[in-house]
Amino acid sequence: MAVRVLVFYGSYRSDRMAIRLADYVVAGLRARGADVELVDAKAVGLPMLDRMYKEYAPGSAPEALETLVSKIRASDAFIFVTGEYNWGMQPGLKNLTDHFLEEWFWRPAAIVSYSAGRIAGARSALLWHGTLSEMGMIVISSKLAVGPIAHALTAEGKPFGEAGQTLDHSFPRFADDLFWWTEAAKMQRARKAPPY
Ligand SMILES: Cc1cc2nc3c(=O)[nH]c(=O)nc-3n(C[C@H](O)[C@H](O)[C@H](O)COP(=O)(O)O)c2cc1C
């Protein structure tokens, strides 16, 4: 059975660039046989964190949270497409992830960073690594770093130029690494129920 992967992207800007990178990642994993879905934080539209999902009485959480939690629980791995604002994380994506904790546990996560320049969101990737680890995900060592984002992918998500070539060259190993950990974690969850 195909592994199920959620790809998260969290820019709320009207002129956002990296939806093309999220689309590229979704298409690349789908071409390799994964069952992939994009979770666009802007489209989900959660308000600033009030209660975490687990803090609602059963059946009383807002519909957007219930829908999202079902998708997270049904998934085997997560990819976070992370931009960089002032050396930090994009708040929309961080706000979405903070609504959950145990729901993320026992699955691998991978980081795909990007930015307007050649630093390719490396500082946000560093921050996300610690955060995803704290949230109980196994953050794989393979990462994609894309920059300058405007000179890597067309609006349709097709790679071009030097940055696009680098992305295309790096993607297979990144996907292989993610799938290896995804299958390993999936087998172990089936073999032995997580302790909590
Ligand atoms: C508020 C803000 C802060 C930014 N800070 C950084 C930064 O610290 N480092 C960087 O490389 N690019 C920075 N940029 C440029 C972004 O990398 C670039 O605009 C990128 O396209 C943003 O992602 P998005 O288009 O998906 O929203 C910043 C952009 C914005 C809007």
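In this note's numbering, the protein residues as written are 1 to 196.
From the three backbone atoms N, C-alpha and C, an ideal C-beta is built for every residue, glycine too.
All values reported here derive from a predicted model rather than from experimental measurement.
{"Query": "Considering Cα atoms alone, identify which of Met-1, Arg-73, Tyr-12, Gly-130 is closest to Pro-47.", "Result": "Tyr-12"}
{"Query": "Going by alpha carbons, who is nearest to Leu-21 out of Asp-35, Ala-34, Asp-40?", "Result": "Asp-40"}
{"Query": "How is Val-7 classed by DSSP in three states: helix, strand or coil?", "Result": "strand"}
{"Query": "Pick out whichever of Val-69, Asp-76, Glu-66 has its Cα sitting closest to the Cα of Val-3.", "Result": "Asp-76"}
{"Query": "Would the C-beta of Ala-155 count as close to ligand 1, meaning under 7 Å from any of its heavy atoms?", "Result": "no"}
{"Query": "Run through DSSP, which three-state label would Glu-162 get?", "Result": "helix"}
{"Query": "Look at Ile-79 and Val-44 and say whether their C-beta atoms are less than 8 Å apart.", "Result": "no"}
{"Query": "Classify Gln-188 as buried or exposed, calling it buried when 16 or more other Cβ atoms lie within 10 Å of its own Cβ.", "Result": "exposed"}
{"Query": "Please specify which runs of the beta strand (DSSP E), each continuous and at least 3 residues long, are wholly inside the stretch 101-174, giving them in chain order.", "Result": "108-114, 144-146"}
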